[in-house]
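Q:
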Amino acid sequence: MGRFVKGKDIIMSVITFKRTLATVALMVTSVASSAAWSDDLQQIRERGVLRHIGVPYANFVSYIEQGEVETLTGLDVEIIKGFAKSLGVQYQYVPAQWSDVVGKLTGQNVQYHNKQAVVGESVPIEGDLIANGVTILDWRSEVVDFSQDYFPSGVWLVSRSDSSLSPIKPSGSVDEDVKNVKQLIDGREVLALEHSCLDPNLYDLYDTGAKVILPDGARLLNEMVPAIMKNDAESTLLDVADTLIALEKWPGEIKVIGPISENQKMAVAFRKNSPELRKAFDRYLDSIKKDGSYEKLVKKYYPSIYYFYNDYFIEDKKKVR
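Under mature numbering (1 follows the signal peptide of the UniProt record, and there is no 0), read the sequence shown as residues -35 to -1, 1 to 286, first letter to last.
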């Protein structure tokens, strides 16, 4: 009987050992697979493909898929295609949503909650950089590295023209203007969008007394103005890029009340373990700013931006001389 028990123990030990080996092998394979898809510059050149993660947004990324036909245009699309060409690799677009865009780059979903970056579940890495007019925010800088900035931004309060809200008179101080706008929205309906640059928590909107309205289900940033036009809310948060497009698309139907945020900037986001790729992009961005092709692209997609932010582009030209 003693020998039988001992033999059984040996058999169970062997089975357990094999299972442990299988588990370890699976973990190693998973890590290796993830690492293989989280490459830096050299590995991307060897692979021959640069994967551009993008959320359809304003004139940065316009992506339409109809059956087997795909249409992809935008400022960031052209910039990243040019970058891929400069590296001697092919370009690939990876569609994303605001809720999963960071995870597709880093392999870890991250959301902004209670004024901090909250790490979520692990997900497959699908791309090498994010470019869709990404606003540089403190919490995002904790989880990704940004390139040099290349486009000005900020968040404004926009309402329907029939709203009794009146545009503020600029004081010459952005901080003072923000304070004045926030005083106006006490008890007013304001549409916002979490997990984006229009997240109400970023601007302490709940402290203003405003009736913050969050959309049911997924909503794109370019759907905010149509929402207030349908009376979903009296006003909406909207960033500069979308506001410029909306003013052209609905002339006389909406008005800008004033800023909700300080001046912001946009850049391309990279994994923190891809420093060489980020440096290569910064060099490429400098080159297209110097030869004038960057300015042509901005004028193509955002011709009116110079009316509001001409100083930004003047200062930007000084940096690359």
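By construction, the Cβ of each residue, glycine as well, lies at the ideal position given by its N, Cα and C atoms.
Nothing here was measured: the structure is a model prediction, and the numbers come from that model.
What are the start and end residues of the alpha helix (DSSP H) that includes residue 66?
A: Note, residue 66: alpha helix (DSSP H), 66 to 71.
Q: Between the Cα of residue 65 and the Cα atoms of 87, 188, 45, 53, which residue gives the shortest distance?
A: Nearest of 87, 188, 45, 53 to residue 65, Cα basis: 87.
Q: What residue range does the beta strand (DSSP E) around residue 222 cover?
A: Per DSSP, residue 222 belongs to the beta strand (DSSP E) from 219 to 224.
Q: Can you tell me which of the three DSSP states residue 200 falls into?
A: Residue state, collapsed to three classes: strand.
Q: Please report the straight-line C-alpha distance between residue 126 and residue 217, rounded to a whole angstrom.
A: For residue 126 and residue 217, the distance between alpha carbons rounds to 7 Å.
Q: Using the Cα positions of residue 33 and residue 23, report the straight-line distance between them to the nearest angstrom.
A: The alpha-carbon atoms of residue 33 and residue 23 are separated by roughly 23 Å.
Q: Going by the CB atoms, is the gap between residue 56 and residue 46 shorter than 8 Å?
A: Their beta carbons are under 8 Å apart, which means residue 46 touches residue 56 by this criterion.
Q: On the three-pair Cβ rule with 8 Å, is the region 238 to 247 touching the region 102 to 115?
A: Short answer: they touch.
Q: Here's the rule: buried if 16 or more other CB atoms are within 10 angstroms of the residue's CB, otherwise exposed. What is residue 153?
A: Classification for residue 153: buried.
Q: Can you tell me whether residue 236 is buried or exposed, with buried defined as 16 or more other CB within 10 angstroms of its CB?
A: Buried, by the Cβ-count rule.
Q: Please go through the region 161 to 194 and give each complete beta strand (DSSP E) segment of 3 or more residues, from N-terminal end onward.
A: Complete beta strand (DSSP E) runs here, min 3: 176 to 178.
Q: Would you identify the three-state DSSP class for residue 21, choosing helix, strand or coil?
A: Three-state DSSP puts residue 21 in coil, outside helix and strand.
Q: With a threshold of 16 other CB atoms inside 10 Å of the CB of residue 179, please say whether the residue is buried or exposed.
A: Per the 10 Å Cβ criterion, exposed.
Q: My understanding is that residue 146 touches residue 222, with C-beta atoms under 8 Å, so please give their C-beta distance in whole angstroms.
A: The Cβ separation is near 6 Å, so the contact holds.
Q: Among 27, 51, 148, which one has its Cα closest to the Cα of residue 253?
A: Comparing Cα-Cα distances from residue 253 to each of 27, 51, 148, the minimum goes to 51.
Q: Can you list, in chain order, the residues of its chain with a C-beta nearer than 8 Å to that of residue 140? Leave out the 5 residues immediately preceding and following it.
A: Excluding positions up to five away in sequence, the list reads 227.
Q: Which first and last residues belong to the alpha helix (DSSP H) in which residue 145 is found?
A: 139 to 149 is the span of the alpha helix (DSSP H), which, as asked, contains residue 145.
Q: Label residue 16 either buried or exposed according to how many other C-beta atoms from any shown protein chain fall within 10 Å of its C-beta, with 16 as the threshold for buried.
A: Label assigned to residue 16: buried.
Q: Within a Cβ cutoff of 8 Å, which residues of the same chain sit near residue 299, ignoring the five residues on either side of it in sequence?
A: Any question about residue 299 goes unanswered here, given that the chain covers just -35 to 286.
Q: Using CA atoms only, rank isn't needed, just tell me which of 177, 212, 172, 248 is closest to residue 157.
A: With distances taken between Cα atoms, residue 157 lies closest to 177.
Q: Please determine, among 14, 267, 98, the residue with the shortest C-alpha to C-alpha distance to residue 209.
A: The option with the nearest alpha carbon to residue 209 is 267.
Q: Tell me whether the beta-carbon of residue 199 lies closer than 8 Å to the beta-carbon of residue 131.
A: No, Cβ-Cβ distance for residue 199 and residue 131 is not below 8 Å.
Q: Looking at residue 155 and residue 201, is the spacing between their C-beta atoms short of 8 Å?
A: Closer than 8 Å, so yes.
Q: Whole-angstrom Cβ separation of residue 94 and residue 225, contact assumed at under 8 Å?
A: That belief does not hold up - the Cβ atoms of residue 94 and residue 225 are roughly 28 Å apart, past 8 Å.
Q: Relative to the C-alpha of residue 82, which candidate in 96, 102, 97 has its C-alpha closest?
A: Among 96, 102, 97, the Cα nearest to that of residue 82 belongs to 102.
Q: Are the CB atoms of residue 41 and residue 19 within a distance shorter than 8 Å?
A: Going by C-beta atoms, residue 19 is nearer than 8 Å to residue 41.
Q: Just the Cα atoms here: how many angstroms apart are residue 205 and residue 270?
A: So the two alpha carbons sit approximately 8 Å from each other.
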